[in-house]
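Undergrad:
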Amino acid sequence: MPNGLLIPIQTEPHITLVELKTDLWEEASHYPLFGALQDRGAYVFQCINQSGRKQDLTDESYALSDVRPFVNLLRVVPRKETCSDKVLDAEIGLLIGRELHQFHSLKNSEVNDFRWQGKQLANELAVHRENLSWKERVLSQHPIRLLPPSFNLLRSVVQQDSFVVLVQFQGGKMAFTMSVKLGSTPTDLICLVLSKKPVANSSTHPVPLKPEDLVLKFYGLEEYLLEEVPLIHYVHIQESLLAHETPILVARHIDSINVAPPGIYCRVPDMEELPSRLSSSSSGTLRRKRPPPILSWDVSAFFTIKIHSLTKLTATSGGQSLMVGATGGVYHAGESLCEQEKALSTSSSPDEVKWEEEICFCIKVSDLPRMATLCLAVYELQKLKSRSNISDSSLYSSDSLPRTQVLPIGWVNTPIFDFRGMLKKGVASLPLWPYSLDVPRDGLLCPSGTNFLNPNVENLPVLTMSFAKYDPDRGIQYPPLDKIFMEGKQEMDSPSRTNGAPLNRDCILDVKDENDVLERVRAIIQSSPAIDGDLHTQDKDDLWISRQLLKEKLPDALPKLLRSVEWTNRWEVCEMLTLLQEWPLIPAESALELFSGYFLEPRIREYAVDCLKSLSDEELFLYLLHLICSLRQELYLHNSLADFLLDRALKNKRIGHFFFWLLRSEMGNPHLKIVFGLYLEVYCRGSADHMNDLSGLANAVTECQRVNLQFCSCKEPREKLRFLLQDILSQGSCLSRLSSFLNPLEPSARCEKLLVQKCKVMNSKNRPLWLVWSTSDMGAPPIQLIFKNGDDLRQDMLTIHALRLMDRLWKHAGLDLRLSPYSCLGMDFRLGFIEVVPQSETLANIQKEKAPVRSAFSKAALLSWLRDHNPREEDLETAIQEFTLSCAGYSVATYVLGIADRHSDNIMLRSNGQLFHIDFGHILGHFKEKFGIRRERVPFVLTKDFVYVVGRGSGRTSQEFQAFQTLCEKAYMVLRCHGNLLLSLFSLMLPLGLPELTSPKDLEYLKDTLVLHLSHQDALQHFRTKFSEALNNSWKVLVNWYTHNLAKSTT
């Protein structure tokens, strides 16, 4: 073997080499140094043939009897890499920010197995894509966005069941304005255009075009209308109509569409399909059978480990003997299953400590859940000489060690069962993680921290420990699903519990009236929203007793029922997982809660993924950020959620684009760079045609960063900085790297030519760059992006996703509140792009322009500015309507989300009347304070100039303003109906470690604003009170704005 071992294996002569290799790898997994092996696809057998020469057996369909190796000895050697292998690996490593050989250097069997399966997936996709039709290849590389339309919303902009579109022909030399019916398809529109005026396909060969010669695409985008569905189902059509704009389409000849040929989907060289010629006799192979593993349920011993030593320790005792402690705990889904245990040791060595001490936890192996985790921490103890400057929380005290200060050294978590479901055994070396503020602690342990090992083994302390062996010859396995289902069926069919299980909770309550039970369960759900960790014991009992009734009458209560399961009770686990087999699929909105850290069982995750499979790509995009964040909590690389996301990303390049960058932006996080790097490798191998686009964008990001760094410390005037930037951007190499790449925020568009004269350096602290590009269609609106370096964009991304979700919920309820949730995407650590909303200005600039003296106190400034940009009376009325709708939407959204720091430079207004908010650095009620006094003392911003615009120049008593308040109330009640969804999505983001979202306590603000515990009428009255408070105290906002504008004018 490549790891130096000689492994005997008993088999029959007619077994094929591929089957022999499978058996060999299974056998090798029980030997030492298995982690040093790569996946089996990286190796081939080598033998001494009958001619006495070495021979690599690359065709593994041959039988062993055909090969006839000398003295029955085979050697496993690395497969010879081709040049294309090395090039592909190098390109992937450069793109994801981690060289692939570093994954192999981990010598981790789970990593090797995952990479093997990733290569299999890539090969299967390559085979599939080779057989795609031209249309399927275009749709694969240029995915479309479809969404069922809300005709209640479109009724106001669609006249007589028809709407107007503008169709241009390539080059824009001809254009036709057409009225089409709601049911018209792309082909219908093409036929309509050609019937009005046939178009020749060449000036020299005036042959009329046929409908099948043309395809429509959106103006400025590489999105082709190839699906024969009504035009109104295309997202861009809907967005244009709702914005009172005419949709613009471009007709192109099918031969002009750039589509990658089938050959680009090359198969992974070491994963070629095996020839179909397999020896039939191999099916009855006689292999040496290892004794079957023992089921963990049958092991009554207590779970035990042994702490051996700690190396590479950096001492703080200054030459004195070290006193070092190790503490451990067993956790499941972040909850402790037993008391923590400690071991102490004293060492005179400054860099090594030895314990050789067993730790026995007060939990039996038979009671360990499948996803149980061992959490360990190491700390140094120092005796105190005085009481000064030492907090009680950092003290350790016992009879033998009174008043000793604890100095944490590091922590580590590891699953107790491996990825195959086998109880870990033998020695393990665990590099410790240093403590950080973004990882919550339970004492010294970090149960919510990563379960993957720290790859930085050279520079950090390493804890050596071992798992106990409970049988000298046989491994311990967590029962497989078929065993669990068999036990569960017996449990469900045996109410007397004669199988030896302890008396359970079915005896506690006698259920007679199912309506009373359902009411009781609904009350539990309403009083305990998604983010609440613990349920009362009585509530758990009531839920568990009602499980069969809930399955039939209230399946959406599944998350709460699962929280009531005692995961250390095998009988309840079996019954619950068996019941889950029959449980109806619940809506995705409810299933999202199952991706929180409370539900780690693989079967639960599989069920949750099944509930998401019906989501369209547009719907999935709303939750993509949250689902990727949930990947952080998975214990194993191979899991249902990762499989689902990879599958959808590889099938839709738009989803794949954001999937890639959401992972890539976290590669600077040491806790994630192994896990996310492996997912990125699988994506790149399975999406070869996307890699060139991703590499071009990555190069552009690097160039933007290089340019930005030249201005970070500049104190020059803004105009001089603009000239300096334009001079740098005009240089050939820079201009080349910043041209012709995917728009990072809208991958169906390309940033073609950089418009240097429109670029500038912004005046913020980190000197963001305002960059402008032309698109592929002549005359199309330019692409305007702000590149930020040094700012954490994750909280902005979270808030904007929440606004986008609210916009979708409102539209689904028949309310279009004209939100402008601009795009924002982090591309690397504290680095990314923000979309520029065109034709917009900050309220501060508008106020200073219209009322330079009294600035913030002018109630007519906004209406006057809108009148200037909309001189026609009907345009002004439309703009006021846009303002009213958007003001209502953002008023409710900022209140519910607790968006703070709302000064006049963080609120903007478009010339078409749309109001929108930017810069979400403070959310969930984290309001700024000065000298202990809150700066913002209103629930949301509703100043007199807003009221003046809404009321068309009248006050709050106007009919228009009363309609505005009613609109706000409707919007609030819609969000409240989906309150659990909002709470679930924010709770999924807890692992992100944002400064203002680190624990469930940070979500108390959402509970307070949504008041889910109140009745419908009481909640409405609650919001009316907040609305009045915002209106009556708006003068406080104006004072703050005046102070802000004054401070800004003096800097």
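According to numbering that gives the first Met the number 0, the sequence shown is numbered sequentially starting from 0.
In this text, a Cβ means the ideal position worked out from N, Cα and C, and glycines have one as well.
Values in this document were obtained by computation on a predicted structure and should not be read as measured data.
Excluding the 5 residues preceding and the 5 following residue 284 in the sequence, name in chain order all residues of the same chain whose CB lies nearer than 7 Å to its CB.
TA: The residue labelled residue 284 in the question sits at position 285 within the sequence shown. Summary for residue 284: the model assigns pLDDT 43, below 50, so the residue's position carries little reliability; its value from the coordinates is reported in the next sentence. The residues are 10, 11, 14, 18.
Undergrad: Quick check on the burial criterion: 16 or more other C-beta atoms within 10 angstroms. Buried or exposed for residue 736?
TA: Counting from 1 along the sequence shown, the entry for residue 736 is found at position 737. Looking at its Cβ environment, which holds 16 or more other Cβ atoms inside 10 Å, residue 736 is buried.
Undergrad: Determine contact between the segment 771 to 787 and the segment 797 to 808, defined as no fewer than three beta-carbon pairs at a distance below 8 Å.
TA: Contact fails: fewer than three Cβ-Cβ distances are below 8 Å.
Undergrad: Please report the straight-line C-alpha distance between residue 406 and residue 434, rounded to a whole angstrom.
TA: Working through the sequence shown from its first residue, we reach residue 406 at position 407. Working through the sequence shown from its first residue, we reach residue 434 at position 435. Distance between the alpha carbons of residue 406 and residue 434: 11 Å.
Undergrad: Let me confirm a value: residue 948 is counted as buried when at least 16 other C-beta atoms fall within 10 Å, else exposed. Which label applies?
TA: Here residue 948 is taken as the residue at index 949 of the sequence shown, counted from 1. Buried, by the Cβ-count rule.
Undergrad: Three-state secondary structure (DSSP) at residue 245?
TA: Counting from one through the sequence shown, the residue named residue 245 turns up at place 246. Reduced to three states, the DSSP call for residue 245 is coil.
Undergrad: Can you round the beta-carbon distance between residue 619 and residue 629 to whole angstroms, since I take them to be within the 8 Å contact cut?
TA: To locate residue 619, count along the sequence shown from 1; it is residue 620. To locate residue 629, count along the sequence shown from 1; it is residue 630. So it is not a contact: roughly 13 Å between Cβ atoms.
Undergrad: Out of 410, 365, 875, 215, which has the shortest C-alpha to C-alpha gap to residue 376?
TA: On the sequence shown, position 377 is the one that residue 376 refers to. Taking only the C-alpha atoms, the option nearest residue 376 is 410.
Undergrad: Nearest CA to the CA of residue 1036: which residue from 473, 581, 437, 938?
TA: In the sequence shown, residue 1036 corresponds to position 1037, counting from 1. Per the Cα distances, 938.
Undergrad: Below 9 Å between beta carbons: does that hold for residue 219 and residue 699?
TA: Here the question's residue 219 lines up with position 220 in the sequence shown. Here the question's residue 699 lines up with position 700 in the sequence shown. Going by C-beta atoms, residue 219 is not nearer than 9 Å to residue 699.
Undergrad: With DSSP run on the structure shown, which of helix, strand or coil describes residue 689?
TA: Translated into positions along the sequence shown, residue 689 becomes position 690. Here residue 689 sits in helix by DSSP.
Undergrad: If you follow the beta strand (DSSP E) that residue 1097 is part of, which residue opens it and which one closes it?
TA: Coverage of the chain is limited to positions 0 through 1050, which leaves residue 1097 absent and any answer about it impossible.
Undergrad: List the endpoints of the continuous alpha helix (DSSP H) containing residue 547.
TA: The residue labelled residue 547 in the question sits at position 548 within the sequence shown. Looking at the DSSP string, the run of the alpha helix (DSSP H) that includes residue 547 is 546 to 552.
Undergrad: Give me, in chain order, the residues of the same chain whose beta-carbon lies closer than 6 Å to that of residue 1051; leave out the 5 immediate sequence neighbours on both sides.
TA: The requested residue 1051 does not occur in the structure, where the chain is confined to residues 0 to 1050.
Undergrad: Let me know the secondary structure DSSP gives residue 913 once reduced to three states.
TA: Position 914 of the sequence shown holds residue 913. Residue 913 falls in the coil class under three-state DSSP.
Undergrad: Of the residues 47, 534, 617, 752, which one's Cα is nearest the Cα of residue 781?
TA: Translated into the one-based positions of the sequence shown, residue 781 becomes position 782. Among 47, 534, 617, 752, the Cα nearest to that of residue 781 is on 752.
Undergrad: If you follow the alpha helix (DSSP H) that residue 491 is part of, which residue opens it and which one closes it?
TA: Here the question's residue 491 lines up with position 492 in the sequence shown. 480 to 492 is the extent of the alpha helix (DSSP H) around residue 491.
Undergrad: Would you call the segment 833 to 840 and the segment 908 to 919 in contact, with 3 or more CB pairs under 8 Å?
TA: In short, these stretches touch, since the Cβ pair count reaches three.
Undergrad: So, helix, strand or coil for residue 149, using DSSP?
TA: In the sequence shown, counting from the first residue as 1, residue 149 sits at position 150. DSSP places residue 149 in coil when its eight states are reduced to three.
Undergrad: What residue from 512, 732, 1001, 992 has the CA that sits closest to residue 447's CA?
TA: As a position in the sequence shown, residue 447 is number 448, starting the count at 1. Here the closest residue by C-alpha is 992.
Undergrad: Taking the C-alpha atoms as reference points, what is the distance between residue 942 and residue 976?
TA: Counted from its first residue, the sequence shown places residue 942 at position 943. Counted from its first residue, the sequence shown places residue 976 at position 977. Their Cα atoms are separated by approximately 28 Å.
Undergrad: Could you tell me the alpha carbon to alpha carbon distance between residue 589 and residue 414, rounded to whole angstroms?
TA: Looking up residue 589 in the sequence shown gives position 590. Looking up residue 414 in the sequence shown gives position 415. Residue 589 and residue 414: Cα-Cα distance of roughly 28 Å.
Undergrad: Can you have a look at residue 102 and say buried or exposed, based on whether 16 or more other CB atoms are within 10 angstroms of its CB?
TA: Residue numbering aside, residue 102 sits at position 103 when the sequence shown is read from its first letter. Result: buried.
Undergrad: Kindly confirm or deny that the segment 784 to 794 and the segment 605 to 615 touch, where touching means at least three C-beta pairs closer than 8 Å.
TA: Result no; under three Cβ-Cβ pairs closer than 8 Å.
Undergrad: Is there a Cβ from chain B that is less than 9 Å from the Cβ of residue 304?
TA: Structure shown: chain B not included; a single protein chain is present.
Undergrad: Are the CB atoms of residue 412 and residue 449 within a distance shorter than 9 Å?
TA: Along the sequence shown, one-based indexing puts residue 449 at 450. Along the sequence shown, one-based indexing puts residue 412 at 413. In this structure, residue 412 lies closer than 9 Å to residue 449 by Cβ.
Undergrad: Would residue 832 pass as a contact of residue 786 if the rule is Cβ separation under 9 Å?
TA: Position 833 of the sequence shown, counted from the first residue, corresponds to residue 832. Position 787 of the sequence shown, counted from the first residue, corresponds to residue 786. Yes, the Cβ-Cβ distance between residue 832 and residue 786 is below 9 Å.
Undergrad: Suppose the cutoff is 8 Å on Cβ atoms and the five residues either side in sequence are ignored; what does the same chain contact list for residue 680 look like?
TA: As a working mapping, residue 680 is identified with position 681 in the sequence shown. Same-chain partners within the cutoff: 91, 95, 99, 102, 114, 117.
Undergrad: Could you tell me the distance, in whole angstroms, from the CA atom of residue 279 to the CA atom of residue 64?
TA: Here the question's residue 279 lines up with position 280 in the sequence shown. Here the question's residue 64 lines up with position 65 in the sequence shown. Since pLDDT at residue 279 reaches only 38, below the 50 mark, its modelled position is unreliable, and the value read off the structure follows with that caveat. Spanning the two alpha carbons is a distance of roughly 13 Å.
Undergrad: Assess contact between the segment 248 to 256 and the segment 152 to 169, defined as three or more Cβ pairs (one per stretch) separated by less than 8 Å. Is contact present?
TA: These segments touch.
Undergrad: Between the alpha carbons of residue 878 and residue 970, how many angstroms are there, rounded?
TA: As a working mapping, residue 878 is identified with position 879 in the sequence shown. As a working mapping, residue 970 is identified with position 971 in the sequence shown. So the two alpha carbons sit approximately 20 Å from each other.
Undergrad: If you draw a straight line from the C-alpha of residue 50 to the C-alpha of residue 368, how long is it?
TA: Within the sequence shown, numbered from 1, the residue matching residue 50 stands at position 51. Within the sequence shown, numbered from 1, the residue matching residue 368 stands at position 369. One C-alpha to the other measures close to 56 Å.
Undergrad: Excluding five sequence neighbours on each side, which residues of the same chain lie with their C-beta closer than 7 Å to the C-beta of residue 69?
TA: Within the sequence shown, residue 69 is the residue found at index 70, counting from 1. For residue 69, where only same-chain residues beyond five positions count, the Cβ hits under 7 Å are 46, 47.
Undergrad: My output table needs one value for residue 331: the three-state DSSP class, helix, strand or coil.
TA: Here the question's residue 331 lines up with position 332 in the sequence shown. In this structure, residue 331 counts as strand in the three-state DSSP scheme.
Undergrad: Am I right that residue 106 and residue 27 are in contact with their C-beta atoms under 8 Å? What's the rounded C-beta distance?
TA: In the sequence shown, residue 106 corresponds to position 107, counting from 1. In the sequence shown, residue 27 corresponds to position 28, counting from 1. No, residue 106 and residue 27 are not in contact; Cβ-Cβ is about 13 Å, not under 8 Å.
Undergrad: What runs of the alpha helix (DSSP H), each 4 residues or longer, lie entirely inside the segment 14 to 67?
TA: Segments of the alpha helix (DSSP H) lying fully in the segment 14 to 67: 16 to 27, 63 to 66.
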